[in-house]
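Have a look at the structure below, then the notes.
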Amino acid sequence: MGDRVRVRFAPSPTGYLHVGGARTALFNWLYARQQGGVFVLRIEDTDLDRSTAESEEGLLRDLRWLGLDWDEGPGVGGPHGPYRQSERREIYQKAARSLLESGKAYPCFCPEELLEAKRQQAEAAGAPHHYDGTCRRLAPDEAKRRMAAGEPYAIRMAVPQKDMKLDDLVRGRVEWKAETLGDFIILRSNGMPVYNFCVVVDDADMQITHVIRGDDHLTNTHRQLIIYEALGKPLPVFGHVSMILGPDKTKLSKRHGTTSVGQYALDGYLPEGMVNFLALLGWSEGVDQEFYCRADLIEKFSLDRIGKSAAVFDQTKLAWMNGLHIRALPPERLGELVAPVLRQVWPADARLHDPAFLRKAALLLQNHLQVLKDAPGLLKPVLEGAPPENEEAAAALAVPGAAGLYSAFVEELGRIDWKRETINEALKAAGKKTCLKGKNLFMPIRVRLTGQCHGPDLGLVIDLLGLDEVRRRLLG
Ligand code: GLU
0 MGDRVRVRFA PSPTGYLHVG GARTALFNWL YARQQGGVFV LRIEDTDLDR
50 STAESEEGLL RDLRWLGLDW DEGPGVGGPH GPYRQSERRE IYQKAARSLL
100 ESGKAYPCFC PEELLEAKRQ QAEAAGAPHH YDGTCRRLAP DEAKRRMAAG
150 EPYAIRMAVP QKDMKLDDLV RGRVEWKAET LGDFIILRSN GMPVYNFCVV
200 VDDADMQITH VIRGDDHLTN THRQLIIYEA LGKPLPVFGH VSMILGPDKT
250 KLSKRHGTTS VGQYALDGYL PEGMVNFLAL LGWSEGVDQE FYCRADLIEK
300 FSLDRIGKSA AVFDQTKLAW MNGLHIRALP PERLGELVAP VLRQVWPADA
350 RLHDPAFLRK AALLLQNHLQ VLKDAPGLLK PVLEGAPPEN EEAAAALAVP
400 GAAGLYSAFV EELGRIDWKR ETINEALKAA GKKTCLKGKN LFMPIRVRLT
450 GQCHGPDLGL VIDLLGLDEV RRRLLG
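All the letters of the sequence shown, read from the start, carry residue numbers 0 to 475 under numbering that gives the first Met the number 0.
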């Protein structure tokens, strides 16, 4: 194996990209980018009944949305392809045959019904149900003769009777007792390889140096280590990352809320917010910092700071963190991002195609928004105007001298060179003229413009609406 780090994300296209899978992908991607390594995407679609093309497309789309680009894999190619397991069957068959030839595996002629009957018997007796080794004991000549005669056979590993151990990067020393594993099948009699075999053949073939994945795969690792050894391939470094839990400390599921990355994208989360949040699910730099941009993460990420304990997925924190990333955006960019969300609600509003207007809308939203989809709700009173929303608002309009204030303010606004600062000066000047100040000065104007006593910075609201609209609302 070369020195270059090669990691992979190996999703099964049987559903959407789950936040747990996305976290696994992210850890691998960060490590690859930091180390100048290679990030491989491999589609594990051996389960043909459950794998779908739509699911694969969705996975790729969501990974792209997160900005986790792959160096080898579907759509990109690479020297170790194909990168879909369904297209690699011959590679697995060849590898299984090589184990047969080297005696590390053997043909098993036991019919499925017989195996099933034995399994049930063992279960009834409460005994562990491992393969009983009938075909392992066959004389080599007889096995050869039966194969040549065209009798169907599966290929089974001749599992060595020895304990296995692994020094896992995250979990430390993990050990398995020899007696917990019987001779397992690697290639079924219909030519279909089994999952654990494919994973090892692929990881070896693709020269993967580090396998970082969820610890739900730790039980598979016992079989996988045996396959590596039999194939004579060097072991990668393994790191099994703890599961993600819901706030009630049970395994994260739909009961806890959205778990689909694609849904978060639709709901107006930023990939930057999502990436930051996912990175901290199990990894920490060990300092008091939560806001990380992508470049920071690439620089700071380290495998040895992945924690052992399970991380809790807290949606409130995700929304808060997303808000931090919204505030970090240049307003032009935020304007571009909210534009489609706003246009859905106000399809006929031509202003929503004007970059200068969108930039101002972004400035107004930026400090108040956690997710993009909340933008229309926040902007509605500003864009549409509204009658006073409650008694407090109605009372603000009843301030003596309010009518004079509106005309004085409009007059002042008409005089200025329109800018954020000069808008505030016009307001002050109108206050002087009408002897109104503080709340009595800005509250009637705010309510007259938006119907609300509270809301975004008044100067920003006025700047966004422009003189004509302000005049219309104040004097109309
Ligand atoms: N295909 C497996 C999954 O989607 C991942 C296998 C692995 O990472 O070794 O969970």
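Every residue gets a Cβ at the ideal spot worked out from N, C-alpha and C, and that includes glycine.
Taking the CA atoms as reference points, Y30 sits about 23 Å from K232. Here G181 has H129, Y130 as same chain residues with Cβ atoms under 6 Å from its own Cβ, once five neighbours each way along the sequence are excluded. A distance criterion of 7 Å places the beta-carbon of E43 in contact range of the ligand GLU, judged by its closest non-hydrogen atom. Relative to the ligand GLU, the beta carbon of S11 is positioned inside 7 Å of a heavy atom. About 5 Å separates the beta carbons of P330 and L362, which is inside the 8 Å limit, making them a contact pair.
The alpha-carbon of R88 is positioned some 47 Å away from that of Q369. DSSP places K359 inside the alpha helix (DSSP H), whose first and last residues are 354-364.
Not a single heavy atom of the ligand GLU lies less than 7 Å from the C-beta of V446. Taking 3 residues as the minimum length, the beta strand (DSSP E) runs contained wholly in the segment 226-260 are 236-240, in order along the chain. Annotation: F196 to I226 spans about 7 Å, alpha carbon to alpha carbon. Of the residues L168, M163, I184, P192, the one whose Cα lies closest to the Cα of E178 is M163. Contact annotation: the segment 16-23 touches the segment 253-262, with at least three C-beta pairs closer than 8 Å.
K253 and I297 have their C-alpha atoms some 30 Å from each other.
For E174, the enclosing beta strand (DSSP E) covers residues 171-175. With 16 or more other CB atoms across the displayed protein chains lying within 10 angstroms of its CB, H209 is buried. For S85, the closest alpha carbon among the candidates L114, R49, V240 is that of R49. Rounded to the nearest angstrom, the gap between the Cα atoms of I305 and V193 is 30 Å.
For L244, the closest alpha carbon among the candidates F108, M442, Q314 is that of Q314. Membership of V409 in the alpha helix (DSSP H) is indicated by the continuous run 401-414.
V210 has its Cβ nearer than 7 Å to a heavy atom of the ligand GLU. Contact annotation: the segment 421-441 does not touch the segment 341-355, with fewer than three C-beta pairs closer than 8 Å.
L474 sits in a helix when the DSSP states are folded into three classes. Taking every protein chain shown into account, the CB of R445 has 16 or more other CB atoms within 10 angstroms, so this residue is buried. In the three-state reduction of the DSSP assignment, W345 falls in the coil class, being assigned neither a helical nor a strand state. By DSSP's assignment, P106 forms a beta bridge with I154. Burial check for N189: the Cβ neighbour count within 10 Å stays below 16, so the residue is exposed. Residue nearest to A394 within the set K427, D416, R447 is R447 (criterion: CA-CA distance). Between the alpha carbons of L230 and Y91 lies a distance of about 12 Å. The alpha carbon of V236 has as its nearest neighbour, out of R7, R118, E468, V469, the alpha carbon of R7.
Here the distance from the Cβ of H255 to the nearest heavy atom of the ligand GLU is not below 7 Å. By the Cβ-count criterion, R5 is buried, with 16 or more other Cβ atoms from all chains shown falling within 10 Å of its own Cβ.
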